[in-house]
Amino acid sequence: MRRQMMVVGMGSKLIGSGSATPSLCISNDDLSKFVETSDEWIAARTGIRNRRVLSGGETLGGLSVKAAQRALEMAQVRPEDVDLVLFCTSTPDDLFGGAGQVLAEVGCTNAFGFDITAACSGFIVGLITATRFIKGGGIQNVLVVGADALSQYVDWTDRGTCILFGDAAGAVLVQSCNADEDGLLGFCVQSDGHGQKHLHCSSSNADSILSKTNGVPGFPPKKTNFSCIEMNGKEVFRFAVRCVPQSIEKALEEAGLPASSIDWLLLHQANQRIIDAAASRLSIPSEKVISNLANYGNTSAASIPLALDEAVRGGKVKAGDIIAASGFGAGLTWGSAIVKWG
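Residues in the sequence shown are numbered from 1 upward in steps of one, following full-length UniProt numbering.
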């Protein structure tokens, strides 16, 4: 029996986080056995030293379930009290999406769920979407999961991309609250499809699965495969260091806050050079920057909730802290949210 929903208010607050990573850790030294590179070369250019990769019987869905369960445990919310599950990913285990499988495994028996695909910006888009559902009324608890397994789409002989990516899942529980407790203070989301060529994983047609056309030219259609990730690193860097600070400034303007009010800067963990450049342009000191890039690499939609969860559990981020979070990546897409934790 579906529980009765209550409209508490028009605000939203983040009250729980969780994360999960694969057991297999691949170091820069490990990669140097496959491509011409070294720990020093990778670390100097990216800040990355290790990444986690799915192996054995591990699945992205399994990681996502663990992250979601940990977020619910921290929030002290029962699975059956979740109204909506947003699964932010570009690499679901099933082509048709993973939200339904995640909510079923977690036990969210009263929830509806769907996937959000916005690459490395996915979690920010999901977080904002959660607050809009709550603002509309009738929704109390939203589970936002960011998860990706880009290792499955990497050319492990391409030094320019294989050093960057890892797999992970992260989650937050967003709960309705009174308007004066609202934890989403401002946001900004943007896209530019003209930049798609700089970072993509495009589909391509393989040979037809049937050798005969039976007199119908062009049919049956050829099976679609996806290429490995292709990236123009210089263009992506230019895009990120230009657009991310601007996006955060727009979100701060909507929030009516100066950059000096930020307790923590939490960017998508793509490259330490990008993180440092954005912090410098916003005049945010390094001690206020959250980064776990060295340990996990670029985990796409999982990177922000993964880093947030570690910062919360490590005692860095405390209730009432103001966080400027920003995601950016393929599409091109980018977005920022000014949030208050707890």
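Don't be surprised by glycine CBs; every beta carbon is placed ideally from N, CA and C. Predicted model only: the values in this text are computed from it and were never measured.
Output yes or no for whether 8 angstroms exceeds the beta carbon distance between residue i and residue j.
{"i": "C188", "j": "G335", "result": "yes"}
{"i": "G122", "j": "I116", "result": "yes"}
{"i": "residue 363", "j": "G57", "result": "Limits of the chain in this structure are 1 at one end and 342 at the other, which puts residue 363 out of reach."}
{"i": "L184", "j": "A337", "result": "yes"}
{"i": "C201", "j": "C228", "result": "yes"}
{"i": "P22", "j": "R49", "result": "no"}
{"i": "L86", "j": "A111", "result": "no"}
{"i": "I42", "j": "I163", "result": "yes"}
{"i": "residue 356", "j": "A307", "result": "In the structure as shown, the chain starts at 1 and stops at 342, and residue 356 therefore has no counterpart that could be examined."}
{"i": "V77", "j": "N141", "result": "yes"}
Rounded to a whole number of angstroms, what is the C-alpha to C-alpha distance between residue i and residue j?
{"i": "L252", "j": "K340", "result": "12 angstroms"}
{"i": "W156", "j": "N225", "result": "18 angstroms"}
{"i": "S19", "j": "R281", "result": "30 angstroms"}
{"i": "I139", "j": "Q101", "result": "21 angstroms"}
{"i": "I304", "j": "S204", "result": "31 angstroms"}
{"i": "A294", "j": "H194", "result": "31 angstroms"}
{"i": "A104", "j": "S260", "result": "43 angstroms"}
{"i": "L143", "j": "M74", "result": "12 angstroms"}
{"i": "P285", "j": "A277", "result": "11 angstroms"}
{"i": "N28", "j": "G320", "result": "37 angstroms"}
{"i": "S64", "j": "E40", "result": "32 angstroms"}
{"i": "E80", "j": "L72", "result": "11 angstroms"}
{"i": "M1", "j": "N232", "result": "Note that M1 has pLDDT 41, beneath the 50 cutoff, so the model's placement of it is unreliable and the number below is only indicative. Near 52 angstroms, if we compare the C-alpha coordinates of N232 and M1."}
{"i": "V172", "j": "F219", "result": "46 angstroms"}
{"i": "L54", "j": "G256", "result": "42 angstroms"}
{"i": "I274", "j": "P217", "result": "50 angstroms"}
{"i": "F133", "j": "S283", "result": "34 angstroms"}
{"i": "G170", "j": "G62", "result": "12 angstroms"}
{"i": "V106", "j": "V174", "result": "16 angstroms"}
{"i": "D182", "j": "G126", "result": "17 angstroms"}
{"i": "D309", "j": "N292", "result": "11 angstroms"}
{"i": "L114", "j": "V82", "result": "The identity of residue 114 in the sequence shown is Phe, whereas the question assumes Leu. Distance between the alpha carbons of F114 and V82: 14 angstroms."}
{"i": "D263", "j": "D180", "result": "20 angstroms"}
{"i": "K17", "j": "I26", "result": "A quick correction: the sequence has Ser, not Lys, at residue 17. In a straight line, the C-alpha of S17 is about 25 angstroms away from that of I26."}
{"i": "I248", "j": "K66", "result": "31 angstroms"}
{"i": "P221", "j": "S32", "result": "40 angstroms"}
{"i": "K250", "j": "G186", "result": "8 angstroms"}
{"i": "R130", "j": "K234", "result": "The sequence shown places Ala at residue 130, not Arg. Approximately 33 angstroms between the Cα atoms of the pair."}
{"i": "L24", "j": "D30", "result": "12 angstroms"}
{"i": "A68", "j": "P258", "result": "33 angstroms"}
{"i": "C88", "j": "K223", "result": "26 angstroms"}
Starting from the Cα of residue i, find the closest Cα among the options and give me that residue.
{"i": "S90", "options": "D148, S19, T37, I139", "result": "D148"}
{"i": "I290", "options": "A301, V312, R281", "result": "V312"}
{"i": "E287", "options": "V317, A270, H268", "result": "V317"}
{"i": "G146", "options": "I163, C120, T59, G166", "result": "C120"}
{"i": "S191", "options": "A330, L24, L308, L31", "result": "A330"}
{"i": "S151", "options": "L306, F112, Y296, G315", "result": "Y296"}
{"i": "P245", "options": "F34, K222, A279, I262", "result": "A279"}
{"i": "F34", "options": "T131, T161, F114", "result": "T161"}
{"i": "K197", "options": "D180, E230, P221", "result": "E230"}
Thinking residue i and residue j are a contact (beta carbons under 8 angstroms), I'd like their distance in whole angstroms, please.
{"i": "R159", "j": "T299", "result": "Wrong, their Cβ atoms sit about 20 angstroms apart, outside the cutoff."}
{"i": "Q269", "j": "T46", "result": "Incorrect: roughly 10 angstroms between the Cβ atoms, too far for contact."}
{"i": "I15", "j": "G342", "result": "6 angstroms"}
{"i": "T333", "j": "A118", "result": "5 angstroms"}
{"i": "T59", "j": "D94", "result": "Incorrect: roughly 10 angstroms between the Cβ atoms, too far for contact."}
{"i": "L199", "j": "V236", "result": "5 angstroms"}
Applying the 10 Å Cβ sphere with the 16-neighbour rule, what's the burial state of residue i?
{"i": "M6", "result": "No answer about M6 holds up, because its pLDDT of 49 lies below 50 and its placement is not dependable."}
{"i": "G327", "result": "buried"}
{"i": "R70", "result": "buried"}
{"i": "A44", "result": "exposed"}
{"i": "F239", "result": "buried"}
{"i": "F96", "result": "exposed"}
{"i": "I323", "result": "buried"}
{"i": "F165", "result": "buried"}
{"i": "G136", "result": "exposed"}
{"i": "K13", "result": "buried"}
{"i": "A99", "result": "buried"}
{"i": "residue 390", "result": "In the structure as shown, the chain starts at 1 and stops at 342, and residue 390 therefore has no counterpart that could be examined."}
Is any heavy atom in the ligand COA found nearer than 7 angstroms to the beta carbon of residue i?
{"i": "N110", "result": "Ligands displayed in this structure: none; no statement on the ligand COA is therefore possible."}
At least one CB of chain B closer than 8 angstroms to the CB of residue i: is that the case?
{"i": "S260", "result": "In the displayed structure, chain B is absent; only one protein chain is listed."}
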